[in-house]
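Here is the structure we will look at.
Protein chains: 2
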Amino acid sequence: MAAEFWYEFASTYSYPAAMRVASLAEARGVSLVWRPFLLGPIFASQGWRDSPFNIYPAKGRYMWRDLQRICDALGLLLRRPEPFPQNSLLAARVALTLEGKERAEFSRQVYAAEFGEGLPIADRATIAALLPKLGLDPDAVLARAESEANKARLKAECARAAELGIIGAPSLVTDDGEVFWGNDRLEQGLDWAAGKRA
Amino acid sequence: MAAEFWYEFASTYSYPAAMRVASLAEARGVSLVWRPFLLGPIFASQGWRDSPFNIYPAKGRYMWRDLQRICDALGLLLRRPEPFPQNSLLAARVALTLEGKERAEFSRQVYAAEFGEGLPIADRATIAALLPKLGLDPDAVLARAESEANKARLKAECARAAELGIIGAPSLVTDDGEVFWGNDRLEQGLDWAAGKRA
Chain A
1 MAAEFWYEFA STYSYPAAMR VASLAEARGV SLVWRPFLLG PIFASQGWRD
51 SPFNIYPAKG RYMWRDLQRI CDALGLLLRR PEPFPQNSLL AARVALTLEG
101 KERAEFSRQV YAAEFGEGLP IADRATIAAL LPKLGLDPDA VLARAESEAN
151 KARLKAECAR AAELGIIGAP SLVTDDGEVF WGNDRLEQGL DWAAGKRA
Chain B
1001 MAAEFWYEFA STYSYPAAMR VASLAEARGV SLVWRPFLLG PIFASQGWRD
1051 SPFNIYPAKG RYMWRDLQRI CDALGLLLRR PEPFPQNSLL AARVALTLEG
1101 KERAEFSRQV YAAEFGEGLP IADRATIAAL LPKLGLDPDA VLARAESEAN
1151 KARLKAECAR AAELGIIGAP SLVTDDGEVF WGNDRLEQGL DWAAGKRA
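First to last, the sequence lines map onto chains A and B.
Residue numbers for the first sequence follow my numbering, beginning at 1 and rising by one.
Residue numbers for the second sequence follow my numbering, beginning at 1001 and rising by one.
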C-alpha cells in the first residue's frame, strides 16, 4: 500500500501536513513517496499571479487564523515569513535531488525554518544552512539542484501534478488515482490508501 | 455553550454538514442556532459572479469527487442539481421565517431534495412541496417568507455573515468569535464551542 504526498514549500497548510504525514502513514502501514512540486504553474492556469490568500484578503485572514489554531493544537510554532508567499523554487529543486528519508527530513526542516521561525527560504543562505544538519555538503547539493537535468525534472513533476488533477497543496494521491486535498484530508486519504474506504 | 451554524442552500459542502451537525452538537452539549444566509454578496465582493467551482473547472471536478466520497462514507445520496448552483433565495427566505427545530428540519429537507434527489430548489413548487411534511401551510409560509420584513431580515443576516469574517459555507461561529469554515471543521469548531481547545 502506497501513497504520494505532494507538497509545495510556499504552501502554509503543507507545513502541519509535512509534520504529521509520516507518522500517520506509518500507523496505517502505508509507504509514502514525498513529491515536492510548485503550485505556480497550476495557479497561473487559473489566472492567479499571486497566492489566493493575498488576492482575496478575507480568505487570507481566515487562513492565518485557522493555521494558528491548527499549529497550536499540534504544538507547532507559527511565524509568518515575509514576504508571503516565499519563492519556493530552490527548496523544491534541492528536495528533488534528495531521496527517501533524506528528502522527507530536509522538507520538514525547510517548513520548520519557514513557518516555525519565519525565515526566508527564498534565500540561498537559508537553504544552504539546513544541509550540513543532514550531513550533506551544501555546495555539492546546490550544484546538483541547479543542474539542467534537475530543473527539467522539477518541471516534469509540476506537469505530472496537473495531470493527476492536483489543484492545491498538500495533496495525497493514492495508487488508484484518488486525490485528497488539504492537511485536513490526510487521515481520509491514508485510510483510503490502506484499503479502508468507508 | 452555543455555536452558530451558518449555511447556504446552494453550497455543496453545506449538505453533508447540515445532515451531521445536529448530532455532533448534541454529543458535545452545544446548543446550535441555524443561520441560513446567501454567499452571493460575499462572493461578489471578491469579484466572483458565479460559484468558484464553475469559475475554476479543475476545482469543480475535485469538489464533486470529494463530495461523492464524503456522501458515500455517510450513506448519503448525491445527485447534482441542474443548473448548479441553484438559486437559493427562496429557500433561505423560507428557512428564516421558521424557528428552532422546524428551521433545522426544513433545511435538511431542502438539502435532501437538492443534492440527494437533484431537484431544483430554485423552483417554488419544490419548496412548497416540502412544507406540508412539516405540518405547515405552503401559501401562508411563502407569503411570510416574501414579506418585505423578511427580505430585509435576510439581507441583514448576509451583512452579519460578512461582518463575522465568514468567507464560505458552511461555517461554525463560536461565542468568542472564532470562525470554522467547512464540513471538515465541524468537529473542531464544536469542540472549541464546548471548551476543548487543543
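For glycine and all other residues, C-beta sits at the position ideal for the given N, C-alpha and C.
At a cut-off of 7 Å between C-beta atoms, residue 1058(B) counts as an interface residue with respect to chain A. Burial check for residue 1008(B): the Cβ neighbour count within 10 Å reaches 16 or more, so the residue is buried.
Residues of chain B with a Cβ closer than 8 Å to the Cβ of residue 184(A) are, in chain order, 1182, 1184 and 1185. Within chain B, the C-beta atoms nearer than 8 Å to that of residue 46(A) come from 1056, 1058 and 1059, in chain order. Burial check for residue 1094(B): the Cβ neighbour count within 10 Å reaches 16 or more, so the residue is buried.
Residues of the segment 1148–1165 of chain B whose Cβ lies closer than 9 Å to any Cβ of chain A, in chain order: 1162 and 1165. In this structure, the straight-line span from the alpha carbon of residue 1076(B) to that of residue 1111(B) is close to 11 Å. In the structure shown, residue 1048(B) falls within a coil segment according to DSSP collapsed to helix, strand and coil. Residue 51(A) is positioned such that its CB atom lies no closer than 7 Å to that of residue 16(A). For residue 1157(B), there is no enclosing beta strand (DSSP E); the enclosing alpha helix (DSSP H) covers residues 1148–1164. For residue 1007(B), no CB of chain A lies under 7 Å from its own CB, so it is not counted at the interface with that chain.
Contact between residue 1005(B) and residue 1172(B) holds, since their C-beta atoms are separated by about 6 Å, short of 8 Å. Pairing residue 71(A) with residue 78(A), the inter-Cα distance amounts to about 7 Å. Any Cβ of chain B closer than 7 Å to the Cβ of residue 15(A) would place that residue at the interface, and such an atom is absent. In this model, residue 1088(B) and residue 26(A) are separated by some 44 Å (Cα to Cα).
Judged by beta-carbon spacing, residue 1168(B) lies within the 7 Å limit of residue 1181(B), meaning their Cβ atoms are closer than that value.
Looking at the DSSP output, residue 172(A) sits in a beta bridge with 5(A) and 180(A). DSSP places residue 1011(B) outside both helix and strand once states are collapsed to three, so it counts as coil.
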